[in-house]
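At position 20 of the sequence shown (counting the first as 1) the number is 20 in our numbering, and the numbers step up by one without a gap. Here the structure comes first, spelled out in C-alpha cells, and everything after it is commentary.
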Amino acid sequence: MSNMTFNILPVFLWVLLMPIMFLIRFFAKTYTLTPYNGAEAHVWLFKQKPEYLDPLVKYHSCTSGLGKSFVEPRKLDVDEETAEKFYQKLLELEEQTLEKYGDLLD
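Below you can see the structure in the form of C-alpha cells.
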C-alpha cells in the first residue's frame with residue numbers, strides 16, 4: 001500500500017479489499033501483488049544464457065498462494081516460419097534505424 005492507493009479509494013475499502021486480493025492469489029498464480037514478484041521472470045531471464053532459452057516460449061512471473069515466486073514457461077501459439085519472418089523484419093528495422101540515427105549514438 002502506498003499514498004497513491006489511498007487517493008484511489010478510501011482506507012476502509014482497502015482494508016476490505018486486501019484480504020480478497022490475497023485469496024485471489026491462491027487461484028490465479030500470475031496475480032502478483034508486489035513489483036518484486038512481478039519482475040521475477042525478468043530477473044530470471046537476465047541470469048540465463050540466451051542460447052539455452054526457447055525463442056517460442058513466453059516466461060511468466062508467478063506467485064504461489066503462500067507468496068513464493070517462480071517462473072513458468074508457456075509455449076506461444078506461433079509457428080516457426082512466422083516467427084522467423086518477424087525476426088528478419090525486426091533486423092531490417094534495426095538496420096534502417098541505425099542508418100538514420102547512427103550519428104546521434106556516437
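Glycine included, each C-beta is placed from N, C-alpha and C at the ideal position.
Straight across, the Cα-Cα distance linking L9 with Q48 is about 40 Å. Around the beta carbon of T34, fewer than 16 other beta carbons lie within 10 angstroms, which makes this residue exposed.
Classified as buried, A41 has 16 or more neighbouring CB atoms from the shown chains inside 10 Å of its CB. Rounded to the nearest whole angstrom, the CA to CA distance from W44 to R74 is 15 Å. For V57, the enclosing beta strand (DSSP E) covers residues 57-63.
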